[in-house]
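Respectively, the protein sequence lines represent chains A and B.
Everything in the first sequence is counted per the working numbering, starting at 111 for the first residue and increasing by one.
Everything in the second sequence is counted per the working numbering, starting at 584 for the first residue and increasing by one.
All residues carry an ideal CB built from backbone N, CA and C; glycine is no exception.
Quick caveat, the model's predicted, so the values are computed rather than measured.
As structure tokens, the structure follows; a few thoughts come after it.
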Amino acid sequence: MRVVRLASEIDFAGWRAAARALRAEGVEPQAVVWTVERELFDVDAPAPSRGGGGFTVPATFVELAEQVIQHRSADRLALLYRILWRLEREPRLIDNPADPDMARARDMAKAVSRASHKMKAFVRFRLVEGAAAETYAAWFEPAHRVTEATAGFFVRRFTNMDWTILTPDACVAWDREQLMVSEGADPADAPSEDAQEVLWRTYYASIFNPARLNPKQMRQEMPKRYWRNLPEAALIPELIETAQERAAAMVAATPRQPSDRVLKAALRHARDASYEGGVPTSLEEIEAGASVCRRCDLWRDATQGVPGEGASQAPLMFVGEQPGDHEDLAGRPFVGPAGQMFDKALAEAGVVRDRTYVTNAVKHFKHEPRGKRRIHKTPDRGEVTACRWWLDAEWRLVKPRVVVMLGATAALGVMGKPTPIGVNRGKVLQLPDQSQGLVTYHPSFLLRLPDEDAKARAYAQFVQDLRLAGKLAGL
Amino acid sequence: MAVLDLRRKLAILSDAAKYDASCASSGAEKRTSVGGQGVGSTEGMGICHAYAPDGRCISLLKILLTNFCIYDCAYCINRVSSNTPRARFTVKEVVDLTLNFYKRNYVEGLFLSSGVIRTGDYTMEEMVRVARSLRLDHDFRGYIHLKLIPEASPELAAEAGLYADRVSINIELPRDDSLASLAPEKSPTDIKRAMGRMRLAIDDHVEPAKKAGRRSFARSQSTQLIVGADEAKDGDILARSASLYGAYRLGRVFYSAFSPIPDASSRLPLTRPPLLREHRLYQADWLMRFYGFERPEIVAEGEDLDLSVDPKTSWALKNRAKFPVDIQTADKETLLRVPGLGAKAVERILAARKITRLTLDDLKRVGAVLKRARAFVVTADWTPGALTDRESLKAALVQPQQLSLF
């Protein structure tokens, strides 16, 4: 039987040195007794093994062991040595979360991590009265021996503050420069009150909703063992006791009639809900109207209606398909990736966008949610037809000489019937109001072409179409 | 009017804030007060500093700047027509309270909301002043969550994003038509527009962060939907969430069971809050975000979730042909759909099965809930046989309801 004495309950270096030597010597786990002697360091500690008997363990084991040693259970040191021992023959043990020893070690590490987290949460500092500089102190009783390992958190958070945390195991103190660790202390060493606690208790009582009483959930997250050091916990019994009565009183109270103002506003709203306005007579009316439009269902999942923008008397009007993700958020047409492609091509064609009018056949973004994305969906014929109300109004008000239809949906919106791009591209079409029409690709079609050569060819045609449009419009 | 002391104001303005479910302090960029002048740190994971007897986490000092409000939203205790006592904090009072609470380790930071006074811009400006003072005058590096007023100017919203770790706008009602009737002054389009602008700002936050020269822009935005105040079904609520997650990349959608308020309006149900329904919605939300489920698989629009079993079990019971699943060979996506297996358990199964043939005991050790899982899995020592298709399976999986005194 071998007895190992460690210098403290969390003497990881000591455990490591001893465990390393014992394994090198081939001492089986059941032949080792682990103890802690605070006073005397061990007399018959095994000599640290020198180079030759060295072996390696996975880094994750060392991390795990550093946590497990903070656990208060007496068998933690033996468990760690047993895992170390087994690792020699079963090197993959560390990767097997289903092994009973590993599961036990993981549970311990989890309990330690939780204790550390609760320490970060439940330490309550009190101002030390009469101290020269602003100084705080707290008395805390951690569930496991996590004080030293958790001190760094308080250093990072309260770097520019003097503070001390006293616990039965150890005390840590920070003087804005250095962390000092000392022996465990007594609750009497910490201040017994703080003037702010009245406010904190007021907050705690007021933020509680008696209609949702659930003390079991509370105790699960804030176990009773912590209550005696939490200034707010003294309120808990009374809050629980009066909760049902308070909630019942709210339910039983005579509800108030809504004010006339509310009813009137609701009526007004119900009346305005569907867009039944007259024919728009200005671009401003279109802008206001497109967002409240209920002519089809696309408004429901879209952010806003995106009206056209540009010169109000532009000789050249571009019509796209519908706003995309970016346009829907920004409320402006052609500002996303397709818009950037469009701007680039326009610049190459020598057409200034500000002197044209840019809009879409459909004013709301049609899409389908897929996880954290919105996937574009092509508007159907019904939606395009419903939205012609706005497109026609823009067309009538801007009175362009040339209308360029970007893609098949735009062509459907402008022509009122399917107009294939392939056969009509590059031809000047006569439109009903004597203006001229051109159909070409939609910029996002160019973005989607997988083949680089095809993409370059289509892009060149696109620029050529834009140039022709500019020329026809006299721009 | 008598001047209220700070304690009374705090009581009124925290009571007024408690119907907001969110108290999360996670997801901020990591920072410490090392090298700074003040206090504060954020380490990614949020910390709940206390729990109220309602079991909810208290992480932040969650208060209103004022509960005076010009709006008349029927579900809100602070609506203009309510008889609730009113109070208003000064900017300095909020700043001092935050710092005093923070230095005593009561909270992770501040969650500031407000009733709308005078105009949206005026109110937003006051809230931004609090955040600005904390960040610039006191070099406060803790967590700040600011509620945005949808009709405030985009510039003010952008400045709020500069100081806050998270911003939020509550949609409150899952359906636009109920918003129109219960909160007539609120416009769904204004709310969505403000969220859209905020997402764009968060996406290209690099530029404003450079301008501030000190810290980056808000990391995320969130919203809250009240459950049970209007006619919306769970399917409608989740469809709204899916649409919000996709459109505005929300960090979270919070669901808040409609709770009776003092001085309630007759247009709303005065009943106990539907807490179980709220819980099921959170579970379904989790399935959409972390388990690869799409909303239509979970519940159809116009329908409610099954309250008697969790939504994953409910899905599995309706899709029994896909089960049992062999724990040893099934891919990750399939394992995530097995009732009783959480994301962590699945990770551990994937690691452990490379080394050993997993048994039911192993499953238990990696954190699976066997009661729910066993009918749906095959392990080295277990096959459910006819159990998977048994008529009575659902009854066996229903959790017993807590009985209440009659």
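For residue i, collect the residues of the same chain with a Cβ closer than 6 Å to its Cβ; drop the 5 residues on either side in sequence, then sort them by chain order.
i: residue 607 (chain B); result: 629
i: residue 152 (chain A); result: At residue 152 (chain A), the pLDDT of 48 sits below 50, so the modelled position is not reliable and the matter cannot be decided from this model.
i: residue 478 (chain A); result: 485 and 487
Quick one: does residue i have its CB under 8 Å from some CB of chain B?
i: residue 271 (chain A); result: yes
i: residue 241 (chain A); result: no
i: residue 312 (chain A); result: yes
i: residue 112 (chain A); result: no
i: residue 332 (chain A); result: yes
i: residue 509 (chain A); result: no
i: residue 338 (chain A); result: no
i: residue 350 (chain A); result: yes
Taking Cβ to Cβ, would you say residue i is nearer than 8 Å to residue j?
i: residue 426 (chain A); j: residue 510 (chain A); result: yes
i: residue 750 (chain B); j: residue 801 (chain B); result: yes
i: residue 353 (chain A); j: residue 636 (chain B); result: yes
i: residue 711 (chain B); j: residue 742 (chain B); result: yes
i: residue 250 (chain A); j: residue 274 (chain A); result: no
i: residue 365 (chain A); j: residue 842 (chain B); result: no
i: residue 622 (chain B); j: residue 271 (chain A); result: yes
i: residue 559 (chain A); j: residue 514 (chain A); result: no
i: residue 248 (chain A); j: residue 235 (chain A); result: yes
i: residue 973 (chain B); j: residue 949 (chain B); result: no
i: residue 748 (chain B); j: residue 625 (chain B); result: yes
i: residue 921 (chain B); j: residue 963 (chain B); result: no
i: residue 400 (chain A); j: residue 473 (chain A); result: yes
i: residue 434 (chain A); j: residue 516 (chain A); result: no
i: residue 218 (chain A); j: residue 178 (chain A); result: yes
i: residue 310 (chain A); j: residue 405 (chain A); result: no
Does the CB of residue i have a neighbour CB from chain A at under 8 Å?
i: residue 842 (chain B); result: yes
i: residue 631 (chain B); result: yes
i: residue 688 (chain B); result: yes
i: residue 909 (chain B); result: no
i: residue 972 (chain B); result: no
i: residue 894 (chain B); result: no
i: residue 988 (chain B); result: Confidence in residue 988 (chain B) is poor, its pLDDT being 44 and thus under 50, which makes the residue's placement unreliable; the coordinate value appears in the next sentence. Output row for residue 988 (chain B): interface = no.
i: residue 692 (chain B); result: no
Grab me the residues of residue i's own chain with a C-beta within less than 7 Å of its C-beta, minus the 5 sequence neighbours each way, in chain order.
i: residue 263 (chain A); result: 230
i: residue 111 (chain A); result: 141 and 143
i: residue 699 (chain B); result: 652, 653, 654, 706 and 732
i: residue 633 (chain B); result: 641
i: residue 441 (chain A); result: 414 and 416
i: residue 314 (chain A); result: 342 and 345
i: residue 940 (chain B); result: 911 and 963
i: residue 307 (chain A); result: 341
The beta strand (DSSP E) with residue i in it runs from where to where?
i: residue 726 (chain B); result: 726-730
i: residue 515 (chain A); result: 512-516
i: residue 247 (chain A); result: 245-249
i: residue 692 (chain B); result: 692-696
i: residue 835 (chain B); result: 835-840
i: residue 283 (chain A); result: 280-284
Who are the Cβ neighbours of residue i in its own chain at under 8 Å, not counting the five residues just before and after it?
i: residue 868 (chain B); result: 821, 824, 836 and 838
i: residue 209 (chain A); result: 203
Following the continuous alpha helix (DSSP H) through residue i, name the residue where it begins and the one where it ends.
i: residue 571 (chain A); result: 562-583
i: residue 829 (chain B); result: 817-831
i: residue 1032 (chain B); result: Missing from the structure shown is residue 1032 (chain B); chain B here goes from 584 to 989 and no further.
i: residue 703 (chain B); result: 703-715
i: residue 740 (chain B); result: 737-746
Counting only beta-carbon separations shorter than 8 Å, does residue i have a partner in chain D?
i: residue 597 (chain B); result: Judged by its chain identifiers, the structure shown contains no chain D, and its protein chains are A and B.
Quiz prompt | Short-range partners of chain A found in the stretch 610-634 of chain B, where Cβ spacing is below 7 Å | solution = 615, 616, 617, 619, 620, 621, 622, 623, 624, 630, 631, 632, 633 and 634
Quiz item: Just by C-beta distance, which residues in the stretch 381-415 of chain A are closer than 9 Å to chain B?
Solution: 382, 383, 401, 402, 409, 410, 411, 412, 413, 414 and 415
Quiz item: Which residues, in order along the stretch 816-850 of chain B, keep a beta-carbon less than 7 Å from a beta-carbon of chain A?
Solution: 825, 826, 828, 829, 830, 832, 842, 843, 844, 845, 846, 847, 848, 849 and 850
Quiz item: What are the residues of the stretch 672-687 of chain B that lie near chain A, defined by any Cβ-Cβ distance shorter than 8 Å?
Solution: 680, 683, 684, 686 and 687
Practice problem: Please name the residues in the stretch 698-723 of chain B whose beta-carbon is closer than 7 Å to at least one beta-carbon of chain A, in chain order. | Solution: none
Practice problem: Quick one: which residues of the stretch 434-460 of chain A get their C-beta closer than 9 Å to a C-beta of chain B? List them in chain order. | Solution: 435, 436, 438, 439, 440 and 441
Quiz item: Mind listing which residues of the stretch 871-895 of chain B have their C-beta closer than 9 Å to chain A's C-betas, in chain order?
Solution: 871, 872, 875, 877 and 878
Practice problem: For the stretch 279-311 of chain A, enumerate the residues whose C-beta is nearer than 7 Å to any C-beta of chain B, in chain order. | Solution: 304, 306, 308, 309 and 310
Practice problem: Note down, in chain order, all residues in the stretch 850-863 of chain B with a beta-carbon under 7 Å from any beta-carbon belonging to chain A. | Solution: 850, 853, 854, 855, 856 and 858
Quiz item: When you check each C-beta in the stretch 163-196 of chain A against every C-beta of chain B, which residues fall closer than 7 Å?
Solution: none
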